[in-house]
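For reference, the structure discussed in these notes is given below.
In the numbering used here, the protein residues as written are 1 to 269.
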């Protein structure tokens with residue numbers, strides 16, 4: 001062990017040190033608010049580099065907010081900076097959606113998009129949905145744009161993306177499927193993706209092109225996920241894909257807290 005790696009370990013509690021030292025295979029860290037989980041993640045990343053187990057660019061850390069990603073990057077740069085020059089851009093410490101955008105711009109043509117695709121925010125998506133409703137003449141009030149937009153974030157919409165069908169669809173869901181197809185087609189014509197696409201199209205990329213997935217599995221020797229209790233089905237599948245055969249996956253979560261449950265987060269992941 002290098003003296004640098006030992007210095008990092010000496011700054012941790014016994015429990016934190018145990019989490020940092022578990023470097024082979026999957027690791028689950030359950031930590032409540034205020035327990036220092038961000039410290040564990042940043043020291044784990046730094047230790048992997050200090051111990052010579054991975055280069056900074058071979059570690060992928062995913063979280064849910066830009067603030068959390070920025071804070072982690074800044075901490076890791078400070079920890080590593082005392083011993084080696086590390087540019088923040090070399091670190092893959094990012095949100096799920098920013099990671100998706102970065103990957104998809106590299107591989108956009110494989111999915112039929114131009115690399116300069118536009119990312120639609122919620123207001124843009126709402127405008128497209130209203131146009132789709134008008135084009136499909138869904139103006140009798142039985143199906144509402146707000147209802148469809150809410151359904152897009154549900155597990156049932158995920159089921160449609162995953163399987164192309166719905167088990168025992170209701171009248172509304174039958175219409176939602178029709179609207180969904182028109183909505184997707186409209187975005188594709190506009191060379192646009194919404195926030196959901198940044199995850200679903202990345203999963204599509206890895207599913208359709210296993211050689212592309214394999215290249216990222218080889219690139220990222222370690223994958224870490226913060227706030228794991230907030231992952232939904234597609235994020236769970238992406239993480240499992242990226243961890244790959246090496247299985248060096250670390251997830252940090254709090255089973256008593258799931259702030260994104262309204263977006264289909266599944267604490268059972």
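All C-beta atoms in this analysis are idealised placements derived from N, C-alpha and C, irrespective of residue type, glycine included.
| Item | Value |
| --- | --- |
| Leaving out the 5 sequence neighbours to the left and right, which residues in its chain are closer than 6 Å to residue 133 when beta-carbon positions are compared? | 145 |
| I need the straight-line Cα distance from residue 71 to residue 154, nearest angstrom please. | 30 Å |
| Nearest to residue 84 by CA position, among 47, 167, 65 and 136, is which residue? | 47 |
| Between the alpha carbons of residue 15 and residue 251, how many angstroms are there, rounded? | 16 Å |
| Name the residue from 128, 207 and 77 whose alpha carbon lies nearest to the alpha carbon of residue 93. | 77 |
| Verify whether the separation of the beta carbon atoms of residue 135 and residue 182 is less than 8 Å. | yes |
| Consult DSSP for residue 124 and reduce its assignment to one of helix, strand or coil. | helix |
| If distances are taken between C-alpha atoms only, which option among 143, 254, 176 and 79 comes closest to residue 158? | 176 |
| How far does the beta strand (DSSP E) with residue 94 in it reach, from first residue to last? | 92-95 |
| Would you identify the three-state DSSP class for residue 150, choosing helix, strand or coil? | helix |
| Could you check what DSSP says for residue 260 in three-state terms: helix, strand or coil? | For residue 260, the predicted model reports a pLDDT of 43, less than 50, meaning its position is unreliable and no value from the coordinates is stated. |
| Where residue 18 and residue 223 are concerned, what is the direct C-alpha to C-alpha distance, given to the nearest angstrom? | 18 Å |
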